[in-house]
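Here is the structure we will look at.
Numbering (this note's numbering), first residue to last: 5 to 173.
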């Protein structure tokens, strides 16, 4: 077992297969390095699948807290210039008023997270070429101006952080 969330669990094989399937779907939509994919999902197994799939494509993920006000979420979507949104539910009707949000592909995670969703041809690890300087995620802070401010972290920065944590803790 690799993940446990409340009364659900996933094996390493299931996690990898579902993430690979989603990663192939993203890649077939043109998602790759230096593109950004928003994740609009409550904390769950599905969120981990989405994050892993995005990293497997080489794209950077942009976490969107589902409890944030709509105005803040729409600002972050536009500011981050996301190429797709992976969500746990259909696009909110009210988001149709924002031009950029209607053009952005909306992928519901549920179709990739069921036992009958596996397609052996799509569960292989995707091919990608990455550099340590490629973006891995964009996190938004409150910003000193009152508007959210996106901060980009690279693969190199994330690896450095993990190495530091292992040595320190």
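Cβ atoms here follow ideal geometry from the backbone N, Cα and C, with glycine treated the same way.
A quick note: this is a predicted structure, and the numbers were derived from the prediction, not measured.
| request: Give the secondary structure of residue 255 by DSSP, where H, G and I count as helix, E and B as strand, and everything else as coil. | output: Absent from the model: residue 255. The displayed extent of the chain is 5 to 173, so no value can be given.
**Request:** Assuming residue 63 contacts residue 95 (C-beta within less than 8 Å), just tell me the rounded distance between them.
**Result:** Here residue 63 refers to the residue found at position 59 of the chain shown. Here residue 95 refers to the residue found at position 91 of the chain shown. Contact flag wrong, Cβ pair sits at about 20 Å.
Touching or not, the stretch 105-117 and the stretch 129-145, by the rule of three or more beta carbon pairs under 8 Å? no
What residue range is occupied by the uninterrupted alpha helix (DSSP H) comprising residue 167?
What you label residue 167 is simply residue 163 of the chain shown in a count that begins at 1. Note, residue 167: alpha helix (DSSP H), 159-172.
Determine the closest residue to residue 33 out of 155, 58, 75, 138, with distance taken between C-alpha atoms.
By 1-based counting over the chain shown, the position of residue 33 is 29. Checked all of 155, 58, 75, 138; the closest Cα to residue 33 is 58.
Can you give me the C-alpha to C-alpha distance between residue 123 and residue 30, rounded to a whole angstrom? In the chain shown, residue 123 corresponds to position 119, counting from 1. In the chain shown, residue 30 corresponds to position 26, counting from 1. Because the pLDDT of residue 123 is 46, which lies under 50, any placement of that residue in the model is unreliable, and the number read from its coordinates should be weighed accordingly. So the alpha carbons of these two residues sit roughly 15 Å apart.
Beta strand (DSSP E) segment containing residue 44, residue limits: The count along the chain shown starts at 1 and reaches residue 44 at position 40. Unbroken beta strand (DSSP E) run through residue 44: 40-44.
Residue 112 - containing beta strand (DSSP E), residue span: To locate residue 112, count along the chain shown from 1; it is residue 108. That run of the beta strand (DSSP E) goes 110-112.
Original post:
What residues in its chain sit with their C-beta under 8 Å from that of residue 155, if we drop five residues either side in the sequence?
Top reply: In the chain shown, the residue the question calls residue 155 occupies position 151. Taken in chain order, the residues that qualify are 142, 143, 144, 145.
With DSSP as the reference, label residue 154 as helix, strand or coil.
Here residue 154 refers to the residue found at position 150 of the chain shown. Of the three classes helix, strand and coil, the one that applies to residue 154 here is strand, per DSSP.
Check each candidate in 169, 98, 9, 157 and name the one with the smallest Cα separation from residue 53.
Within the chain shown, numbered from 1, the residue matching residue 53 stands at position 49. Out of 169, 98, 9, 157, 9 has the C-alpha closest to the C-alpha of residue 53.
Cβ separation of residue 89 and residue 23, assumed to be a contact under 8 Å, to the nearest whole Å: Position 85 of the chain shown, counted from the start, is the residue given in the question as residue 89. Position 19 of the chain shown, counted from the start, is the residue given in the question as residue 23. So it is not a contact: roughly 17 Å between Cβ atoms.
Own chain, CB closer than 6 Å to residue 153, minus 5 neighbours either side, in chain order: Taking the chain shown and counting its residues from 1, the one referred to as residue 153 is at position 149. Contacts found: 145, 147.
> Around the Cβ of residue 151, are there at least 16 other Cβ atoms within 10 angstroms (buried) or fewer (exposed)?
Replying inline: Within the chain shown, numbered from 1, the residue matching residue 151 stands at position 147. Exposed: under 16 other Cβ atoms inside 10 Å.
I'd like to know whether the C-beta atoms of residue 55 and residue 12 end up nearer to each other than 8 Å.
Locating residue 55 in the chain shown gives position 51, counting from the first residue. Locating residue 12 in the chain shown gives position 8, counting from the first residue. Contact: no.
Residue 144: first and last residue of the uninterrupted beta strand (DSSP E) it sits in: By one-based count along the chain shown, residue 144 stands at place 140. Counting along the chain, the beta strand (DSSP E) containing residue 144 begins and ends at 139-145.
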